[in-house]
Structures are given as C-alpha cells and as structure tokens.
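One structure is given here, and the rest of the page talks about it.
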Amino acid sequence: MTPVTKFAVKEKYQYLEGFGSYHQSEAFPGANPLVNNSPQKPPYGLRTERISGSSFTAPRDHNLQTFMYRQTSSLKHSKFVPYNNKSTANPPSYLSPNSSLWPSVPVDPDADWLTQTLLAQNGDAATKTGLAIWLFSIAQSMKPNVAFSSLDGDCLIIPQAGTLNIQTELGKLLVRQNEICVIPRGIRYCVTLPAGPARGYMCELFQGHFRLPELGPIGSTGLANIRDFQIPTACFDGELKGDVAVANNTEYTIISRQAGRLWFCTQDHTPFDVAAWHGTFYPYKYDLARYCVMGNLLFDEHDPSLYTLLSAPSNREPGTNVVDFAIIPPRWMVAEDTLRLPYFHRNTMSEFFGLIANVQDPEHGLNGGGQEFRPFVAGLHGCMTTHGAVEADFQRATKSTLKPEKLGTEGLTVFLLETELPLYLSDWAVEAAGHGPKSKTQISSKM
Ligand SMILES: [Fe+2]
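Be aware that the sequence shown starts at 141, since it is given in the numbering used here, and climbs by one per residue.
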C-alpha cells in the first residue's frame, strides 16, 4: 500500500519537494540570475523584488526570504482603500468555560474565497500575537483578475471537502480534500474551484511561522517527513518574446486583509508575472495520507502531541506553542488493558477540532452515534474545560473485546489546533454554537 490519498481530482502541477529547504525555480531557463541576487540587468528584462517573512537578522534556520524576478514590480498600484465585504468582521469578544460545537456551516451559493467566516481568535494581528480561525464554504471561483493576500499571517488551509486551485505569485497548487497547504503572509494568490463547491477551515497564524515539530527520541524520521511537503514551481502568466518575458497584463484588483479588515487597490499588471524565484519563504502543501503515525503499541493512550504535523513555537513558556496542528488519521489500535478512548481531561491549551471526511457517511456519528454527523463539524474545548467520551461510548469501550483493529477506515481524519491562549468566539460562532441565554446544551465529545 502506497500511503497517498486516492484523489478524485488528478494532480496537474509539478512541485519541488522538501520542507524548509532553500528552493529555486524558473519558468524560463536562466531566469534566476547566476550568483547575483540583484544584478544591474536581470535576465529576460525582469526586475528584482524581495519578500521577507522574517527579520533580516533571524537565525539561519528561522530566516525566511525569497527573491522574485518579475516583469512589473508590485510597487506599481493605486492607493489602498477599504473594501466592503461581509468577510470583514469585528474582533471576536466572547469567552466562556463551555465547550462549543458547530454542527454545520450554511453554504452560500454566491460565496467565493473572499467570503470567509471568522470563528475564533486569540492574540492580535496588529501586534503579531496569536491566531485566527476562519471557515470557508464557497461555491464560486474568485472573479477573474482579482488576487488576495493576508497581511496578518501565514494561512494554514484545511479543505474539509472539495478542491482548491490556488495560483500564487510563486506558482500553482492543487489542494484537495485530505491535503493541506500554507500560504505565507503577504503572498498574493487567487482561488478557483475546478470541481464544484469547497469548504474547510483556515488557521491564520499572526505570530511566527509553522515549523516541523522536533522528533526527540523518535529519531530523524516519522510524523510528517520533510520530503513529503510540496512547493510550487515558478509559473509566468505570459510568454517570451525574443529574450524578453512579456506578461499578459491587464487591470487587476489586489485585496489585502490587515487586522481583519479588507483593503483593495488596483494595478495595470498581473501579479502572476514572476518568472523565477529562489529562497525559503514560499507556499507548500502536504497530503495527509503521507503522515507517518506513531502510536501506543502496548498500553495507554498517549498525548495527542504524538500526532503533531506542524507547530508554531512561542516564547511564552518552555515547550509551549502558539499552535500545534495535529491530525488523527486512519491508524492501528493495538493497546492492551486500555480504555480505547481518551480519558476525561482538561487542559490549559485550548483545543479546536474539525473533521476531514473522505467518505461522508450520514450514519457515522461524531460521538459514536451520540450526535448526528453532518457535512461540516467543528468544535472547541477551551482552557480547563473538562471533556471526554459521551456515556454510551464510555460504556461500549469498557465492555469491548480488545483486539488489534484499524480505526478510521471509513476515511475520517480528525484534526486539532491546540493553542496556548484562550480563543474568543466571533458573533457568528456564538450564535451558531447555541450559546444564547436560553441554551442549556452541554457538549461532550472525544479528543
Ligand atoms: Fe482534549
């Protein structure tokens, strides 16, 4: 069995491979200058432009910089002005000791990538602390000649269903159900839908960048392996005319999100005119089926940190992260004399969770039948909020015959976003979770 997802939509792009490596790519031979970063006359009549994802003096393994060689600098544009759109939301302000469950997100047939629903946030984008969690449920491609970027942070995109075709300044990615991708802060991109509606989650990281977790006693491989991360290759929207790269220039609208607010400007050229680039600051994607799961081989349920895929380190307390992104994919369960459910627990970290379903089976319950599984589910257990199995699952688990079994074969992957600071809920999230004054719902679930 090759551990890759059997995707319904075939791959159509080529990628570089290797998380965190120094990569270089060129749409035309020799489009990256040899040795010089900023020669007097770059090849093909291009201009040098740099994008920095870290301070210049960050340590080498934290230094994120990319040189781009493009026809027209992104400097050339009109003044940014506020953009009125319903994805512009007030900062979340609701904090409670209750767990939350969001059973569904309504599909807006007119929604495109610019229509995102803010669910929760901690920290503050303007001070580069914390993160925001967004939902998308879209049925339309972005309009032609429009590009988006987040100035607030790197965006981890987790499709729950559907396929996203993402054209970025540094190249194109096809991101399908059971893949994730990260678009760095400031990189401009557009999202089209090649196979119908798509929905999912997004973690916008205000503070730092995602990194692979340290492996400690695991050794040098395991969990998410470095070579399985895929990076787009340079894609120039235009052609060579003689020895000059000529882009398909047209009027473009550039929409940027800053501190949760949308702004826009116009320009008379495509943002996708990068003929070559080299550096360490780039988008990437990852197929969740490639994740090398570690598990409990004799007894007890290990901490979910053993399922970490990406982490964003914090300097608040040793070993504490702004966020850990973990997945619990299909895997073997073999533990002896063990309650094969997470024990009841409460954590200082806040735990947001969601489902990625390869097969959407209406008979499959979020809590073993305790609650109806719907097309879209997310939940949150806040700081020190006790959670665990519902009673029916607990009783079943105490009586079950313990034998090796493969879990998740129905194609259900759970992901977690464990974050160090309490998450404030948006107005939408409060209402959708039923936290109104008359609600008495007590949420209990696994994880
Ligand atoms: Fe938990």
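Cβ coordinates follow ideal geometry from the N, Cα and C atoms, glycine included.
The structure presented is a predicted model; accordingly, all values stated were derived computationally and were not measured.
Cβ distance (whole Å) where residue i is taken to contact residue j below 8 Å
i              : j              : result
lysine 425     : leucine 296    : Incorrect: roughly 11 Å between the Cβ atoms, too far for contact.
alanine 198    : tyrosine 184   : The Cβ separation is near 31 Å, so there is no contact.
methionine 473 : leucine 547    : 5 Å
threonine 303  : alanine 338    : 6 Å
isoleucine 320 : isoleucine 298 : 5 Å
glycine 519    : serine 240     : 6 Å
threonine 559  : asparagine 318 : Actually they do not touch by this definition, with Cβ atoms about 23 Å apart.
methionine 282 : leucine 254    : 7 Å
leucine 186    : alanine 415    : 6 Å
glycine 263    : leucine 275    : The pair is not a contact, with the Cβ atoms about 19 Å apart (cut-off 8 Å).
threonine 526  : arginine 486   : 5 Å
glycine 311    : serine 165     : 7 Å
Delimiting residues of the alpha helix (DSSP H) encompassing residue i
i             : result
glutamate 151 : Element bounds for glutamate 151: n/a, residue is neither H nor E.
glutamate 591 : Any question about residue 591 goes unanswered here, given that the chain covers just 141 to 587.
Beta strand (DSSP E) segment containing residue i, residue limits
i                 : result
aspartate 533     : Unbroken run through aspartate 533 is the alpha helix (DSSP H), 531-539; no beta strand (DSSP E).
tryptophan 472    : 471-473
serine 244        : Run containing serine 244: none; DSSP gives neither H nor E here.
phenylalanine 412 : It is not in any beta strand (DSSP E) - phenylalanine 412 carries neither H nor E in the DSSP assignment.
leucine 552       : 552-559
cysteine 295      : 294-301
alanine 466       : 461-468
glutamine 261     : 256-264
cysteine 343      : 338-345
isoleucine 496    : 490-497
serine 454        : Run containing serine 454: none; DSSP gives neither H nor E here.
cysteine 330      : 329-332
proline 562       : Run containing proline 562: none; DSSP gives neither H nor E here.
isoleucine 395    : 392-398
valine 315        : 311-316
valine 322        : 319-323
alanine 387       : 384-387
leucine 275       : 269-278
lysine 546        : 545-547
alanine 287       : 286-290
lysine 283        : Where lysine 283 is concerned, there is no enclosing beta strand (DSSP E), given that its DSSP letter is neither H nor E.
glycine 522       : No beta strand (DSSP E) holds glycine 522; DSSP gives it neither H nor E.
leucine 380       : 378-381
glutamate 166     : 163-166
tyrosine 424      : 424-427
Contact set for residue i: own chain, Cβ-Cβ below 7 Å, skip 5 residues either direction
i                 : result
threonine 549     : Pro470
phenylalanine 159 : Leu352, Ile366, Phe369 and Tyr424
glutamate 189     : Met208, Arg210, Ser213 and Ser214
cysteine 523      : Thr488, Ser490 and Pro562
proline 411       : Ser214, Ala287, Glu309, Arg328, Tyr392 and Ile394
glutamine 307     : Tyr329, Cys330 and Phe412
lysine 268        : Phe346 and Gln347
Within-7 Å CB hit, residue i to chain B
i          : result
valine 554 : Included in the structure is just one protein chain, with no chain B present.
Contact set for residue i: own chain, Cβ-Cβ below 8 Å, skip 5 residues either direction
i             : result
glutamate 157 : Arg367, Asp368, Phe369, Gln370 and Ile371
valine 221    : Trp403, Phe404 and Cys405
glutamate 601 : The structure shown does not extend to residue 601, since the chain spans only 141 to 587, so no value can be given for it.
beta-carbon residue i near ligand 2 non-hydrogen atom, thresh 6 Å
i             : result
glutamate 491 : For the structure depicted, ligand 2 is absent and the ligand set comprises only ligand 1.
Cutoff 6 Å; reference residue i; Cβ partners in own chain excluding five residues on either side
i              : result
aspartate 567  : none
valine 247     : Ser277
proline 143    : Ala429 and Arg430
isoleucine 468 : Tyr447 and Val554
aspartate 252  : Ile278, Gln280 and Met282
proline 502    : Low confidence applies here, because proline 502 scores a pLDDT of 41, under 50, leaving its location unreliable and the question unanswered by this model.
proline 173    : Pro179 and Pro182
alanine 265    : Asp292, Phe346 and Ala399
leucine 450    : Phe350 and Phe465
alanine 301    : Gln317 and Arg339
methionine 342 : Trp274, Cys295 and Ile297
asparagine 436 : His442 and Ala475
valine 433     : Arg471
leucine 333    : Ser281
| task | Pair every Cβ in the segment 185-205 with every Cβ in the segment 402-422, then say whether three or more of these pairs are closer than 8 Å. | result | yes
Q.
Would the segment 443-460 count as touching the segment 235-246 if we require 3 or more Cβ pairs under 8 Å?
A. no
Between the segment 146-158 and the segment 385-399, are three or more C-beta pairs nearer than 8 Å? no
Would the segment 282-296 count as touching the segment 377-395 if we require 3 or more Cβ pairs under 8 Å? yes
Is the segment 381-392 touching the segment 343-359 in the sense that three or more CB pairs, one from each, lie closer than 8 Å? no
Restricting to runs no shorter than 3 residues, where is the beta strand (DSSP E) found entirely within the segment 169-241? 187-192 and 205-210
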